[in-house]
Amino acid sequence: MRTPAKGLDRLWIAAFLAPFLVLFLGFTLWPLAATVYYSFFDWSGMGPIETFVGAGNYTSIVQDELFWLAVGNTVLFAVVNTAIKLPLSLVAAIFMTRRWVRLKRVFRTMFFAPLVIPVAMAGMVFTYLLNPSNGALNSILRDLGIIEKSFDVFASRWSAMLALVLVSIWQIFGQYMLYWMAALQNVPEEVYEAADLDGASEWTKLTRITLPLIKPVAVIILLLALVNAMHVFGLVVTLTGGGPGTSTYVVSYFIYQEAFGSIPFQYGYASAAALLFSFLAFILVSGQGLIVKRAQELRKEYGV
Amino acid sequence: MKPAAATGLALLLLTAAACGTSGSSQNTTGGQITLKIWDFSMEQVEFHKKVTDQFTREHPNIKVEWRSIAQAEYKTTLPLAFQSRQSPDIFYWSENGPLNSRILLNNGWIKPLHPSGTAPDEFIKRWPQGSFIEGVNLIDGKAHGFPFTDNLYWGGGYMFMHNDVFKQAGLDPASPPRTFSELKAACAKIRSATKAECITSPNKGADVMRLFDSFAGVVMNGSGFDLKNGRFSLDDPKILSTFNFIQELNKAGYIAPGTNDKNFSRQQFAAGQAAIYFDGTWMPSVWTSQGFTSDKYSVAAQPLPDAGRTGAPGREPNLEKYFVSSQTGNHDAAWTFLDWMTKPDGFFVQEYYKGGFGTLSYADNKKMVTDPALRKIMEIAETPGFRVNIPVPLLKCPDLARSKAYQSAISKRPDWASEIITETLNNGGTLDAAAKELVTARQSALEEGLKAEAASGLKVSMDCYTFPDFDYVTDYGLDRY
Numbered sequence: 000m001r002t003p004a005k006g007l008d009r010l011w012i013a014a015f016l017a018p019f020l021v022l023f024l025g026f027t028l029w030p031l032a033a034t035v036y037y038s039f040f041d042w043s044g045m046g047p048i049e050t051f052v053g054a055g056n057y058t059s060i061v062q063d064e065l066f067w068l069a070v071g072n073t074v075l076f077a078v079v080n081t082a083i084k085l086p087l088s089l090v091a092a093i094f095m096t097r098r099w100v101r102l103k104r105v106f107r108t109m110f111f112a113p114l115v116i117p118v119a120m121a122g123m124v125f126t127y128l129l130n131p132s133n134g135a136l137n138s139i140l141r142d143l144g145i146i147e148k149s150f151d152v153f154a155s156r157w158s159a160m161l162a163l164v165l166v167s168i169w170q171i172f173g174q175y176m177l178y179w180m181a182a183l184q185n186v187p188e189e190v191y192e193a194a195d196l197d198g199a200s201e202w203t204k205l206t207r208i209t210l211p212l213i214k215p216v217a218v219i220i221l222l223l224a225l226v227n228a229m230h231v232f233g234l235v236v237t238l239t240g241g242g243p244g245t246s247t248y249v250v251s252y253f254i255y256q257e258a259f260g261s262i263p264f265q266y267g268y269a270s271a272a273a274l275l276f277s278f279l280a281f282i283l284v285s286g287q288g289l290i291v292k293r294a295q296e297l298r299k300e301y302g303v
Numbered sequence: 000m001k002p003a004a005a006t007g008l009a010l011l012l013l014t015a016a017a018c019g020t021s022g023s024s025q026n027t028t029g030g031q032i033t034l035k036i037w038d039f040s041m042e043q044v045e046f047h048k049k050v051t052d053q054f055t056r057e058h059p060n061i062k063v064e065w066r067s068i069a070q071a072e073y074k075t076t077l078p079l080a081f082q083s084r085q086s087p088d089i090f091y092w093s094e095n096g097p098l099n100s101r102i103l104l105n106n107g108w109i110k111p112l113h114p115s116g117t118a119p120d121e122f123i124k125r126w127p128q129g130s131f132i133e134g135v136n137l138i139d140g141k142a143h144g145f146p147f148t149d150n151l152y153w154g155g156g157y158m159f160m161h162n163d164v165f166k167q168a169g170l171d172p173a174s175p176p177r178t179f180s181e182l183k184a185a186c187a188k189i190r191s192a193t194k195a196e197c198i199t200s201p202n203k204g205a206d207v208m209r210l211f212d213s214f215a216g217v218v219m220n221g222s223g224f225d226l227k228n229g230r231f232s233l234d235d236p237k238i239l240s241t242f243n244f245i246q247e248l249n250k251a252g253y254i255a256p257g258t259n260d261k262n263f264s265r266q267q268f269a270a271g272q273a274a275i276y277f278d279g280t281w282m283p284s285v286w287t288s289q290g291f292t293s294d295k296y297s298v299a300a301q302p303l304p305d306a307g308r309t310g311a312p313g314r315e316p317n318l319e320k321y322f323v324s325s326q327t328g329n330h331d332a333a334w335t336f337l338d339w340m341t342k343p344d345g346f347f348v349q350e351y352y353k354g355g356f357g358t359l360s361y362a363d364n365k366k367m368v369t370d371p372a373l374r375k376i377m378e379i380a381e382t383p384g385f386r387v388n389i390p391v392p393l394l395k396c397p398d399l400a401r402s403k404a405y406q407s408a409i410s411k412r413p414d415w416a417s418e419i420i421t422e423t424l425n426n427g428g429t430l431d432a433a434a435k436e437l438v439t440a441r442q443s444a445l446e447e448g449l450k451a452e453a454a455s456g457l458k459v460s461m462d463c464y465t466f467p468d469f470d471y472v473t474d475y476g477l478d479r480y
């Protein structure tokens, strides 16, 4: 039963909450409110905010083919990225939690190292590695006789998108492996011992015990992965610059280009694009809320 | 102090720190003013240090902090600095052509060079007569900018050839390819006789225009706007056939593959992995800063169409680069510095030429330039017809100084041309449909914008942008307005 705080306790609670509230107000609510406000104006970010355009920015955005291309690419990136990285990192996590595996620390470091490399640096390294003129990948494939002519992965929309997905997975893989390992370590050891007594194979234990028991956590990891992937920006800037042409534009890059890509800046338009995409993301997050709620119920049910 | 009060004070300080601004007020430490200058000339960092040290020796009360920001970031960083009132005292800005000063003034970014508003005659006389033009760099008679680089030698339209690669291919850089066909033939030899690429050129983002406009510059005056007919020109048959030629080179494997930025392409050329690079007057200093000296490469003019030149890269009275920020609290010091840096035989000028950074509009280039590559560039640019004075709409219609129609027509999607060019080069198609779409959209935006401005009282129309007696290859002199 909850007991209301009294006297000095209230003051302490307020004192401890105040820093968070100030920062939340200053760096979350205020920018959000400002973005909503700007989105109704034709404003360059300089000078007075005078030219009220009502829903004009939203009408333009809805008709802007580039915005929808960016939305499509963002969703595509998020789905493909998640569909590859989660199963892969789960397999790695299962491998890393096996008792018989040696050199676990070495593997863990190997998988985790890319995460500490700044995105910009990773983008630049892969730009050079994948360069068709003198990049290592093309050179090796040519030297091995696998290809005759160099290929440019960034020359077409689909190969460039695939490169973005794979480089992103290479970088974030270790983080998701850790999530899975945390989930796997929560599965009670006694359940495996009981299964051993019943003569269950490793495959049976995986499919009948491990996967069902981590399912509730898996839902949360899945949605985290999707939402994080929708924020892709740095790799697009450094690897493709949105190209060839505009074919690998994602929403964050579109917003950045609209806001800062030309003089005068188009803060109003960019704000409207950001809000419209946030609305789409909100639908996803709301769905996430419902699924997480159900997942938590399942966790209680399974006792994990 | 009680914990709650301490917490409150800390929060107050945090909030105050977060909201604090600087930049517009006078920046003085111990009686010494700190003058801030920003540009994006990364290759000039050492030079900047040398000149600012010398300036402070001569003016002990002024310390100069000259910051060079990567070019790709600069266009974002500077406007944001103005927005947050943290702009430098002097800044570099080279956009907008002849309207540069006027647009910057309209943005509220600049003030007159001299604190009194009127620059002394002695200053104005450092430039050839006619260099200060009302509406271009004089606004209401007050100098708001000054020509920095000259406008004959400075600019694109040069072909740089790697001597070793040319020799390996059995070619002589002293006899460079002069026509499109000769260029193609040279590329065929280079590709068959060496491991190097023929042409390296950046194609990431807007940098693809370095190559495209180099070729378009000899068929019209670039790919942007046709001043004879008053229309955006990307879909002009001459421009489209130029694109087709570049596409031919691309399909034949004569252009280095990859999605490369300008730094990569320049390094690729300097490393001998490519034979040819097209760019501008600034390249000798860029390569010198990378240890690639001018004895290792040669320079020639951009090859012409087989049927001959039908256009020439344009000269415009638009070479104002350095401006005094409207937010400066150090106007006197800013003027002192600009006055010092523009002394025709001063330390700045001498060191600028020693570094081979280019050609200045207020110094004797023929006397001062020593870098062999730069001297060759000057020789090329002096060839009659290499570069022509193109019509300046602002001089025909002074009200264009207050018009935003042209800027608006482009700023909705400023990189549109480079986007479709890159995409088409990659998919191997033709540019025609995409170019037509771009021209139709921009042309109608410009026409509608001008009509709206005319209705509000400005004397502007499409006629301001149309010069039927211009032929793309002959100077359009100031006497023709």
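Note that the protein sequences, when read in sequence, are chains D and L. Per numbering that gives the first Met the number 0, the first sequence starts with residue 0, numbered consecutively. Per numbering that gives the first Met the number 0, the second sequence starts with residue 0, numbered consecutively. For every residue, glycine included, the Cβ atom is placed at its ideal position computed from N, Cα and C. Values in this document were obtained by computation on a predicted structure and should not be read as measured data.
**Message:** Just to confirm my understanding: we take E446 of chain L, look at its own chain, exclude 5 residues before and 5 after, and list those with CB closer than 8 angstroms. What are they?
**Reply:** Here residue 446 of chain L corresponds to residue number 447 of the second sequence, with the count starting at 1. Counting only Cβ-Cβ distances below 8 angstroms, and skipping sequence neighbours, we find M461.
**Message:** Distance check for P256 of chain L and N162 of chain L, CA to CA, integer angstroms please.
**Reply:** On the second sequence, residue 162 of chain L is found 163 positions in, with the first residue counted as 1. On the second sequence, residue 256 of chain L is found 257 positions in, with the first residue counted as 1. Inter-residue distance for N162 of chain L and P256 of chain L is about 22 angstroms (C-alpha atoms, whole angstroms).
**Message:** Less than 8 angstroms between CB atoms is the rule here; does P3 of chain D satisfy it with respect to chain L?
**Reply:** Taking the first residue of the first sequence as position 1, residue 3 of chain D is located at position 4. No - not a single Cβ of chain L is within 8 angstroms of the one on P3 of chain D.
**Request:** Take the Cβ of G345 of chain L as the centre, count every other Cβ of all protein chains shown within 10 Å, and call the residue buried at 16 or more, exposed below.
**Result:** In the second sequence, the residue the question calls residue 345 of chain L occupies position 346. With 16 or more other Cβ atoms within 10 Å, it is buried.
**Message:** In this structure, how does DSSP classify N388 of chain L when only helix, strand and coil are distinguished?
**Reply:** For the purposes of this step, residue 388 of chain L is taken as residue 389 along the second sequence, with counting starting at 1. It is a strand residue.
**Request:** Indicate whether S417 of chain L and M208 of chain L have their beta-carbon atoms separated by less than 8 angstroms.
**Result:** By one-based count along the second sequence, residue 417 of chain L stands at place 418. By one-based count along the second sequence, residue 208 of chain L stands at place 209. Cβ atoms of S417 of chain L and M208 of chain L: closer than 8 angstroms.
**Prompt:** Is the segment 359 to 368 of chain L touching the segment 53 to 66 of chain L, taking contact as three or more C-beta pairs under 8 angstroms?
**Reply:** no
**Request:** Note the first and the last residue of the continuous beta strand (DSSP E) segment covering R66 of chain L.
**Result:** The count along the second sequence starts at 1 and reaches residue 66 of chain L at position 67. Its beta strand (DSSP E) spans residues I61 to S67.
**Prompt:** How is the beta strand (DSSP E) around S88 of chain D delimited, first residue to last?
**Reply:** One-based indexing of the first sequence puts residue 88 of chain D at position 89. Unbroken run through S88 of chain D is the alpha helix (DSSP H), E64 to M95; no beta strand (DSSP E).
**Request:** Please name the residue in L:E72, L:F131 and L:Q70 whose C-alpha comes closest to that of E319 of chain L.
**Result:** Position 320 of the second sequence holds residue 319 of chain L. Nearest C-alpha to E319 of chain L: L:F131.
**Asked** Whose Cβ in chain D lies nearer than 7 angstroms to the Cβ of G328 of chain L?
**Response** On the second sequence, position 329 is the one that residue 328 of chain L refers to. Result: empty, since nearest Cβ-Cβ is about 19 angstroms, beyond 7 angstroms.
**Request:** Report the option in L:L210, L:M160 and L:R401 whose CA atom is closest to the CA atom of A451 of chain L.
**Result:** The residue given as residue 451 of chain L occupies position 452 in the second sequence. The option with the nearest alpha carbon to A451 of chain L is L:R401.
**Item:** Per-residue burial, V100 of chain D [other beta carbons within 10 Å of its own, 16 or more giving buried]
**Value:** Residue mapping note: residue 100 of chain D aligns to position 101 of the first sequence, counting from 1. Classification of V100 of chain D: exposed, given that the 10 Å Cβ count is below 16.
**Request:** Please report how far the alpha carbon of G22 of chain L lies from the alpha carbon of V249 of chain D, in whole angstroms.
**Result:** By one-based count along the second sequence, residue 22 of chain L stands at place 23. By one-based count along the first sequence, residue 249 of chain D stands at place 250. Reliability fails at G22 of chain L, whose pLDDT of 46 lies under 50, so the model's placement of it is uncertain and no value is given.
**Request:** For the beta strand (DSSP E) containing C197 of chain L, list its first residue and its last residue.
**Result:** By one-based count along the second sequence, residue 197 of chain L stands at place 198. From DSSP, the beta strand (DSSP E) with C197 of chain L extends over E196 to I198.
**Request:** May I have a chain-ordered list of the alpha helix (DSSP H) segments no shorter than 4 residues that lie completely inside the segment 198 to 240 of chain D?
**Result:** 201 to 204 and 210 to 228
**Request:** Mind checking the segment 247 to 262 of chain L against chain D and listing, in chain order, the residues whose C-beta falls within less than 9 angstroms of any C-beta there?
**Result:** G252, A255, P256, G257, T258, N259 and D260
**Message:** Taking CB distances under 8 angstroms as the criterion, tell me whether F39 of chain D reaches chain L.
**Reply:** Numbered from 1 along the first sequence, position 40 holds the residue referred to as residue 39 of chain D. F39 of chain D has a beta carbon lying at 8 angstroms or more from every beta carbon in chain L.
**Buried versus exposed call for Q276 of chain L [16 or more other C-beta atoms within 10 Å across all chains shown]** = Translated into positions along the second sequence, residue 276 of chain L becomes position 277. A quick correction: the sequence has Tyr, not Gln, at residue 276 of chain L. So Y276 of chain L ends up on the buried side.
**Request:** For the segment 143 to 154 of chain D, enumerate the residues whose C-beta is nearer than 9 angstroms to any C-beta of chain L, in chain order.
**Result:** K148, S149, F150, D151, V152, F153 and A154
**Request:** Just mark Y480 of chain L as buried or exposed, buried being the case when its beta carbon has 16 or more other beta carbons within 10 Å.
**Result:** Position 481 of the second sequence holds residue 480 of chain L. That one is exposed.
**Request:** Rounded to whole angstroms, what's the CA-CA distance from S100 of chain L to G134 of chain L? Just pull it up for me.
**Result:** Counted from its first residue, the second sequence places residue 100 of chain L at position 101. Counted from its first residue, the second sequence places residue 134 of chain L at position 135. S100 of chain L and G134 of chain L: Cα-Cα distance of roughly 8 angstroms.
**Terminal residues of the alpha helix (DSSP H) in which V115 of chain D lies** = Within the first sequence, the letter at position 116 stands for residue 115 of chain D. Boundaries of the alpha helix (DSSP H) around V115 of chain D: K103 to V115.
**Prompt:** Bridge partners of Y91 of chain L, per DSSP?
**Reply:** Position 92 of the second sequence, counted from the start, is the residue given in the question as residue 91 of chain L. Bridge partners of Y91 of chain L: L:Y321.
**Closest by C-alpha distance to A112 of chain D, when choosing among D:F259, D:M176 and D:L24** = By one-based count along the first sequence, residue 112 of chain D stands at place 113. The residue with the shortest Cα to Cα distance from A112 of chain D is D:M176.
**Message:** As a quick exercise: from D:L7, D:A77 and D:H230, pick the residue whose alpha carbon is nearest that of L161 of chain D.
**Reply:** For the purposes of this step, residue 161 of chain D is taken as the residue at position 162 of the first sequence. Ranked by how close their Cα comes to the Cα of L161 of chain D, the residues D:L7, D:A77 and D:H230 have D:A77 in first place.
**Request:** For G262 of chain D, go through chain L and note every residue whose CB falls closer than 9 angstroms to its CB, in chain order.
**Result:** Counting from 1 along the first sequence, the entry for residue 262 of chain D is found at position 263. The sequence given here places Ile at residue 262 of chain D; Gly does not occur at that position. Those within 9 angstroms of I262 of chain D in chain L are K74, P78, E94, N95, I102, N106, Q406, S410 and P413.
**Request:** Per DSSP, which residues does D225 of chain L bridge with? Please list them.
**Result:** Within the second sequence, numbered from 1, the residue matching residue 225 of chain L stands at position 226. DSSP lists L:R230 as partners of D225 of chain L.
**Item:** Any non-hydrogen atom of the ligand GTP closer than 7 angstroms to C463 of chain L Cβ
**Value:** Absent from the structure shown: the ligand GTP. Ligands present: none.
**Asked** In whole angstroms, what separates the C-alpha of E481 of chain L from that of S138 of chain D?
**Response** This structure cannot speak to residue 481 of chain L, because chain L is shown only from 0 to 480.
**Message:** If the cut-off is 9 angstroms on Cβ atoms, which residues from the segment 227 to 253 of chain D count as contacting chain L, listed in chain order?
**Reply:** L238, T239, G240, G241, G242, P243, G244, T245 and S246
**Asked** Quick one: Cα of S83 of chain L to Cα of G288 of chain D, how far?
**Response** Your numbering for residue 83 of chain L matches position 84 in the second sequence. Your numbering for residue 288 of chain D matches position 289 in the first sequence. Each residue's Cα considered, the two are about 38 angstroms apart.
**Message:** Less than 8 angstroms between CB atoms is the rule here; does M95 of chain D satisfy it with respect to chain L?
**Reply:** As a first step, residue 95 of chain D must be located in the first sequence, where it is residue number 96. Closer than 8 angstroms to the CB of M95 of chain D there is not a single CB belonging to chain L.
**Request:** Counting only the same chain and skipping the five closest in sequence on each side, list residues whose C-beta sits under 7 angstroms from that of R441 of chain L.
**Result:** Within the second sequence, numbered from 1, the residue matching residue 441 of chain L stands at position 442. Once the five neighbours on either side are set aside, the close Cβ partners of R441 of chain L are F231, A408 and I409.
**Request:** Give me whichever residues DSSP pairs with T33 of chain L in a beta bridge.
**Result:** What you label residue 33 of chain L is simply residue 34 of the second sequence in a count that begins at 1. L:K62, per the DSSP bridge assignment.
**Request:** Give a yes or no on whether the C-beta atoms belonging to E436 of chain L and P243 of chain D are separated by under 8 angstroms.
**Result:** Counting from one through the second sequence, the residue named residue 436 of chain L turns up at place 437. Counting from one through the first sequence, the residue named residue 243 of chain D turns up at place 244. No, the Cβ-Cβ distance between E436 of chain L and P243 of chain D is not below 8 angstroms.
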